[in-house]
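Asker:
2 protein chains.
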Amino acid sequence: MSAVPGTALRIGEVALRCGVTTRTIRYYEELGLLGSGSGREKGAHRLYEEADVARLQELIRLRDLLGLTLDELVELAEAEEARAALRGRWHEDPSDEERVRILDEAIVHAKRQLALVRSRQRNLEEFAGELEAKLARMRRRKRELNR
Amino acid sequence: MSAVPGTALRIGEVALRCGVTTRTIRYYEELGLLGSGSGREKGAHRLYEEADVARLQELIRLRDLLGLTLDELVELAEAEEARAALRGRWHEDPSDEERVRILDEAIVHAKRQLALVRSRQRNLEEFAGELEAKLARMRRRKRELNR
DNA sequence: AGCTACCGTGACGTAAGCGTCACGGTGGGC
DNA sequence: GCCCACCGTGACGCTTACGTCACGGTAGCT
Chain U
253 MSAVPGTALR IGEVALRCGV TTRTIRYYEE LGLLGSGSGR EKGAHRLYEE ADVARLQELI
313 RLRDLLGLTL DELVELAEAE EARAALRGRW HEDPSDEERV RILDEAIVHA KRQLALVRSR
373 QRNLEEFAGE LEAKLARMRR RKRELNR
Chain P
253 MSAVPGTALR IGEVALRCGV TTRTIRYYEE LGLLGSGSGR EKGAHRLYEE ADVARLQELI
313 RLRDLLGLTL DELVELAEAE EARAALRGRW HEDPSDEERV RILDEAIVHA KRQLALVRSR
373 QRNLEEFAGE LEAKLARMRR RKRELNR
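Protein chains in written order, with our numbering: chain U, 253 to 399; chain P, 253 to 399.
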């Protein structure tokens with residue numbers, strides 16, 4: 253939500269790009285999932301940039317592909333924000349040990365998400381396998397009929 | 253729901269095995285997803301067999317892995333029941349042409365489900381790919397720090 | 001300044017998917 | 001026959017994830 257000029261999107265645009273409604277975006281902000289970031293004057297329009305769109309799209313993917321609830325997304329986002337706070341210190345205090353620690357945390361986080369995705373993939377593969385087997389059985393029976 | 257003796261389970265057992273509550277099972281029956289099958293006397297306990305457990309587990313998988321709504325499951329089940337009605341005619345009227353038609357319908361159905369699963373797998377693979385890339389970037393930066 | 005299209009902020013509404021009583025009935029072991 | 005654990009049947013409750021007004025404000029264009 254920092255003020256990078258030239259990439260200012262209004263809520264309607266963001267909603268369109270992400271395939272959700274503006275209501276959803278405001279709701280997610282209310283839950284603490286999205287910006288609300290650097291205080292905007294009361295009544296003023298929300299402004300977003302590309303990074304925010306990417307963020308929202310990732311949230312939607314976690315929701316739709318992995319079936320995470322919004323509460324689970326909030327937990328996840330809280331962990332991310334803790335790391336974002338660390339990232340803030342990245343530029344101020346460039347101690348290399350500190351940087352390695354920050355990276356390590358981020359890596360652990362990404363690995364956890366990846367593990368979730370992989371697990372879901374395995375479940376789907378098992379399911380697919382059973383469906384293939386069923387299909388094979390039916391096709392065999394059909395061939396036997398055609399003889 | 254046919255009367256195969258020796259495999260009679262009560263609702264609580266089924267719930268336990270499938271990781272749901274009895275309420276869920278009754279609700280699914282109310283929606284037409286499960287037996288209610290060959291009329292049971294009013295007030296009598298529901299009885300299930302292994303096939304019913306398998307059926308419920310498949311429904312739960314479709315719900316959890318693919319995120320289908322119960323309405324979508326109902327549509328799916330209605331199509332299945334139409335085919336089950338056909339299967340009834342399988343043994344009465346063993347015309348080979350009829351059997352091929354029945355098999356063809358079942359095959360189309362299984363293919364549709366499989367396509368759904370494959371599509372979901374592709375989406376997950378894309379997601380996993382992005383996560384891997386992110387991980388690789390972070391690991392590279394970490395190595396650069398350790399030099 | 002005025003027009004138009006979009007936006008912000010409550011606040012109430014709603015559909016899905018069960019949870020949770022209350023109350024009476026079932027059924028299998030002793 | 002009795003007991004105890006489980007079940008059936010309503011019926012109302014609840015949470016999640018937004019939908020849907022109403023009403024006033026904003027901002028870019030002219």
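Each residue gets a CB set at the ideal place from its N, CA and C atoms; glycine is no exception.
Predicted model, so just to flag it, every value in this text is computed and none were measured.
1) Could you check the C-alpha separation between residue 307 of chain U and residue 324 of chain P for me, to the nearest Å?
2) Among residues of its own chain, excluding the 5 on either side of residue 326 of chain U, which ones have a beta-carbon nearer than 8 Å to its beta-carbon?
3) What are the residues that DSSP puts in a beta bridge with residue 300 of chain P?
4) How big is the Cα-Cα spacing for residue 332 of chain P and residue 317 of chain U?
5) Could you name the residues of the same chain whose beta carbon sits closer than 8 Å to that of residue 267 of chain P, not counting the 5 residues immediately before and after it, in chain order?
6) Which class does residue 386 of chain U belong to by DSSP, given the choice of helix, strand or coil?
7) To the nearest whole angstrom, what separates the beta carbons of residue 261 of chain U and residue 311 of chain U, a pair I think is in contact under 8 Å?
8) Taking 8 Å as the limit between beta carbons, can you name the residues of its chain near residue 281 of chain U, skipping five residues before and five after?
9) Using the beta-carbon of each residue, which ones in chain P are nearer than 8 Å to residue 341 of chain U?
10) Using 8 Å as the threshold, is the C-beta distance between residue 322 of chain U and residue 352 of chain P below it?
11) To the nearest angstrom, report how far apart residue 296 of chain U and residue 263 of chain U are at their CA atoms.
12) With DSSP as the reference, label residue 351 of chain U as helix, strand or coil.
13) For residue 371 of chain U, which of helix, strand or coil comes out of DSSP?
14) If we ignore side chains and look at the alpha-carbon of each, how far apart do residue 381 of chain U and residue 366 of chain U end up?
15) Counting only Cβ pairs nearer than 9 Å, list the residues of chain P close to residue 363 of chain U.
16) Can you grab the Cα-Cα spacing for the pair residue 304 of chain U / residue 384 of chain U, in whole Å?
17) Pull up the distance between the alpha-carbon of residue 374 of chain P and that of residue 392 of chain P, whole angstroms please.
18) Quick check on residue 270 of chain U: does DSSP put it in helix, strand or coil?
19) Since residue 259 of chain U and residue 293 of chain U are thought to touch, with beta carbons under 8 Å apart, how far apart are those beta carbons, to the nearest angstrom?
Answerer: Reading from the atomic positions:
1) Those two C-alpha atoms are separated by around 29 Å.
2) Within the same chain, residue 326 of chain U has close Cβ partners 283, 284 and 285.
3) Looking at the DSSP assignment, residue 300 of chain P forms a beta bridge with P:261.
4) Taking C-alpha positions only, residue 332 of chain P is separated from residue 317 of chain U by approximately 26 Å.
5) These residues qualify, in order along the chain: 273, 274, 276 and 277.
6) Helix at residue 386 of chain U.
7) Taking C-beta atoms under 8 Å as the contact rule, residue 261 of chain U and residue 311 of chain U fail to qualify, at a distance of about 16 Å.
8) The answer, listed in chain order, is 287, 288 and 298.
9) Result: empty, since nearest Cβ-Cβ is about 15 Å, beyond 8 Å.
10) Cβ atoms of residue 322 of chain U and residue 352 of chain P: not closer than 8 Å.
11) Roughly 12 Å between the two C-alpha positions.
12) Collapsing the DSSP output to three states places residue 351 of chain U in a helix.
13) When DSSP states are grouped into helix, strand and coil, residue 371 of chain U belongs to the helix group.
14) Our two residues, residue 381 of chain U and residue 366 of chain U, have alpha carbons roughly 22 Å apart in a direct line.
15) Residues of chain P passing the Cβ test: 383 and 387.
16) Annotation: residue 304 of chain U to residue 384 of chain U spans about 40 Å, alpha carbon to alpha carbon.
17) Counting only the Cα atoms, residue 392 of chain P lies some 27 Å from residue 374 of chain P.
18) DSSP places residue 270 of chain U in helix when its eight states are reduced to three.
19) Cβ atoms of residue 259 of chain U and residue 293 of chain U stay farther apart than 8 Å, at about 20 Å.
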